[in-house]
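*Asks:* Going down the list, the protein sequences come from chains F and E.
Quick note on numbering: this note's numbering labels position 119 of the first sequence as 119, and the sequence is numbered without any gaps.
With the second sequence counted from 1, adding 223 to any position gets you this note's numbering.
Beta carbons are placed, not taken as given, at the ideal position from N, Cα and C, and that holds for glycine.
Model, not experiment: these values are computed from the prediction.
Pasting a structure here, questions to come.
Protein chains: 2
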Amino acid sequence: MGMVGAGWRRLVIMATVRARRASARRAHYAASTRDDLVRSAVSLFTTHGYAGTSLDTIATRARVTKGALYHHFKGKQDLFEAAFSAVERNVYSKLQRILEKSENLWVKAGLVVREYLQSCLDPAYQRIVIHEGPVVMGWQRWRDAQEGLSYGVIRDVIADLRAAGGLGGISVEVTARLVCGALSTAATMIANSPDPKRVSEETEDAVVRLLALVRAGSETQDG
Amino acid sequence: MGMVGAGWRRLVIMATVRARRASARRAHYAASTRDDLVRSAVSLFTTHGYAGTSLDTIATRARVTKGALYHHFKGKQDLFEAAFSAVERNVYSKLQRILEKSENLWVKAGLVVREYLQSCLDPAYQRIVIHEGPVVMGWQRWRDAQEGLSYGVIRDVIADLRAAGGLGGISVEVTARLVCGALSTAATMIANSPDPKRVSEETEDAVVRLLALVRAGSETQDG
DNA sequence: TTGATTGACATACTGCCGGTATGTTCGCGC
DNA sequence: GCGCGAACATACCGGCAGTATGTCAATCAA
Chain F
1 MGMVGAGWRR LVIMATVRAR RASARRAHYA ASTRDDLVRS AVSLFTTHGY AGTSLDTIAT
61 RARVTKGALY HHFKGKQDLF EAAFSAVERN VYSKLQRILE KSENLWVKAG LVVREYLQSC
121 LDPAYQRIVI HEGPVVMGWQ RWRDAQEGLS YGVIRDVIAD LRAAGGLGGI SVEVTARLVC
181 GALSTAATMI ANSPDPKRVS EETEDAVVRL LALVRAGSET QDG
Chain E
224 MGMVGAGWRR LVIMATVRAR RASARRAHYA ASTRDDLVRS AVSLFTTHGY AGTSLDTIAT
284 RARVTKGALY HHFKGKQDLF EAAFSAVERN VYSKLQRILE KSENLWVKAG LVVREYLQSC
344 LDPAYQRIVI HEGPVVMGWQ RWRDAQEGLS YGVIRDVIAD LRAAGGLGGI SVEVTARLVC
404 GALSTAATMI ANSPDPKRVS EETEDAVVRL LALVRAGSET QDG
């Protein structure tokens with residue numbers, strides 16, 4: 001048998017890449033199935049979790065077999081990390097868009113915090129990145145994988161605040177972790193709340209107020 | 224065969240409970256093996272995680288078989304929850320001890336926060352309660368299980384602060400979650416740091432300063 | 001054009017592990 | 001001292017991650 005269930009994929013794609021050089025087709029096919037696998041993984045890991053999702057199910061959803069999966073990924077963890085990256089990059093791009101509209105530092109910080117809180121409400125981000133990420137990947141690797149993405153953005157914003165004399169000599173790294181931890185936890189609470197809308201508003205209110213308190217306290221203490 | 228590896232246990236315990244009524248012996252034996260299983264589970268879940276620990280290993284460490292394990296617990300999750308409770312109760316008792324020495328509300332809040340941060344540094348608490356708890360038990364159940372324990376203490380402290388006019392009309396529930404999330408995340412960072420001592424001090428410093436900022440901002444805004 | 005090579009899969013199998021079903025023994029009430 | 005049930009132990013099953021192997025087709029060297 002061999003190539004049996006994958007024929008449809010070629011037919012579909014061939015129509016879209018007729019102009020390309022022939023040598024690129026193969027790679028294009030492969031990239032397509034890889035993306036399908038990642039999308040399938042993101043979907044299933046989000047709904048049923050890492051342990052609750054079998055590789056066979058992921059492969060079937062992507063219209064391939066486990067053999068294809070193991071051809072593209074080293075194993076279940078590797079596939080999870082690919083799913084993780086996909087979800088993280090999505091949030092990262094949103095945060096970046098906010099950074100580009102540069103305004104007052106404190107205003108920008110508020111916007112980034114609000115946007116990150118919103119992103120944390122995405123079920124995929126919440127389960128894959130926040131909850132299962134550290135458990136499945138191990139904390140060290142999880143941290144490294146976030147370094148240049150969403151966490152990096154938040155850390156940079158806080159670094160700017162400190163550089164502008166916003167906070168006292170508080171460690172940037174520590175503050176950034178505190179903020180991320182607080183927000184992701186709050187987002188989880190919102191998502192699991194019987195009345196997400198209300199809790200979400202309460203949370204945004206609390207965050208904004210706390211930020212204002214810190215700013216106020218910060219400006220009365222030092223110049 | 225049957226009762227083969229459990230004889231030693233009776234011999235050991237019999238010496239310590241000679242004074243008890245005979246009718247209590249059986250229950251005492253059982254409670255002992257149950258505790259052994261929980262201790263074994265806590266130890267192994269802490270070092271190798273939930274997925275990385277087999278029930279056979281846990282049972283063997285407790286000097287019994289899987290049959291005994293399934294006699295005392297419904298399954299792996301149930302055993303995990305027992306381990307979770309054991310670790311949580313330990314932290315809870317520490318926090319309670321602090322509450323008993325009643326002082327200024329803000330001082331008490333600072334002490335509780337510092338103690339909770341310290342508790343979060345315990346590897347067992349960190350892995351079982353903070354990281355794997357929500358994943359293994361599900362967030363809802365995880366939250367409920369913490370309600371009357373460590374989280375309850377922190378929430379009560381914050382409720383006191385608000386009742387005393389400390390924070391503006393900020394939701395207690397939301398604030399408590401923010402604080403717990405921030406601290407547990409920070410603790411994880413400390414534990415995985417190459418220089419835990421330094422980062423720990425930085426974190427305590429940051430937390431104390433932020434608390435002071437909030438207090439300062441709080442007192443300048445409202446009476 | 002063709003034979004060899006290799007990438008991109010599919011199929012078949014293995015071992016581990018959680019869970020279950022069943023067996024065995026001993027303590028305890030009668 | 002006897003039956004009964006609690007407190008275990010043993011044997012087995014099914015699912016699943018991982019591996020080993022097979023297959024086909026696209027590419028390339030000659």
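Using a Cβ cut-off of 7 Å, pull out every chain E residue sitting near F/C180, in sequence order please.
*Replies:* What F/C180 touches in chain E: T408.
*Asks:* Determine the DSSP secondary structure at E/V486, reduced to helix, strand or coil.
*Replies:* Absent from the structure is residue 486 of chain E, since the part of chain E shown begins at 224 and ends at 446.
*Asks:* Alpha carbon to alpha carbon, what distance is there between F/R97 and F/Y116?
*Replies:* Using only the alpha carbons, I get a separation of about 12 Å.
*Asks:* Can you look up E/L278 in the DSSP assignment and give me helix, strand or coil?
*Replies:* If DSSP states are grouped into helix, strand and coil, E/L278 belongs with the helices.
*Asks:* Between which two residues does the alpha helix (DSSP H) carrying F/L99 extend?
*Replies:* Residues K76 to E100.
*Asks:* Take the Cβ of F/R177 as the centre, count every other Cβ of all protein chains shown within 10 Å, and call the residue buried at 16 or more, exposed below.
*Replies:* The residue is buried, with at least 16 neighbouring Cβ atoms inside 10 Å.
*Asks:* CB F/Y50 to CB F/V136, shorter than 7 Å?
*Replies:* In this structure, F/V136 lies closer than 7 Å to F/Y50 by Cβ.
*Asks:* Would you say E/A409 and E/L344 are within 7 Å of each other, going by their C-beta atoms?
*Replies:* No.
*Asks:* Less than 7 Å between the beta carbons of E/V310 and E/A282, yes or no?
*Replies:* Not in contact: E/V310 and E/A282 (Cβ atoms no closer than 7 Å).
*Asks:* Measure the alpha-carbon distance for E/E370 versus E/L384 and round it to whole angstroms.
*Replies:* Whole-angstrom Cα-Cα distance: 19 Å.
*Asks:* Classify F/I170 as helix, strand or coil using the three-state DSSP reduction.
*Replies:* Residue state, collapsed to three classes: coil.
*Asks:* Within this structure, are the beta carbons of E/L278 and E/K297 separated by less than 7 Å?
*Replies:* Not in contact: E/L278 and E/K297 (Cβ atoms no closer than 7 Å).
*Asks:* With a cut-off of 8 Å, do at least 3 Cβ pairs link the stretch 367-382 of chain E to the stretch 391-399 of chain E?
*Replies:* With a cut-off of 8 Å, the stretch 391-399 of chain E and the stretch 367-382 of chain E count as touching, because enough Cβ pairs lie within range.
*Asks:* Cβ of E/A429 less than 7 Å from any chain F Cβ?
*Replies:* It does; some Cβ of chain F falls within 7 Å.
*Asks:* Using only the alpha-carbon positions, how far apart do F/L183 and E/V335 sit?
*Replies:* Answer to the nearest angstrom: the Cα atoms are 21 Å apart.
*Asks:* Can you find the residues in the same chain that come closer than 6 Å, C-beta to C-beta, to E/L302, ignoring five residues on each side of it along the sequence?
*Replies:* A264 and F296.
*Asks:* Output yes if chain E places a C-beta closer than 7 Å to the C-beta of F/E147; else output no.
*Replies:* No, F/E147 lies away from the interface with chain E (no Cβ there is under 7 Å from its Cβ).
*Asks:* Would you report the Cα separation of E/M412 and E/A332, rounded to the nearest angstrom?
*Replies:* Going by the C-alpha atoms only, they are around 22 Å apart.
*Asks:* Buried or exposed: F/V107, going by 16 or more other Cβ atoms within 10 Å of its Cβ?
*Replies:* The residue is exposed, with fewer than 16 neighbouring Cβ atoms inside 10 Å.
*Asks:* Just the C-alpha distance for E/Y374 and F/R127, rounded to the nearest angstrom, thanks.
*Replies:* C-alpha separation (whole angstroms): 22 Å.
*Asks:* Against chain E, does F/I58 count as a neighbour if the rule is that its beta carbon must be under 7 Å from one of theirs?
*Replies:* Chain E contact via Cβ: absent.
*Asks:* Could you check which residue in E/H354, E/C403 and E/N327 has the C-alpha nearest to that of E/F307?
*Replies:* Answer by Cα proximity: E/H354.
*Asks:* Under 8 Å Cβ to Cβ from E/D259, same chain only, skipping five residues before and after it: list those, please.
*Replies:* Taken in chain order, the residues that qualify are A285, R286 and V287.
*Asks:* Give every residue of the same chain whose Cβ lies closer than 7 Å to the Cβ of F/K94, excluding the five residues on either side of it in the sequence, and list them in chain order.
*Replies:* The answer, listed in chain order, is E115 and S119.
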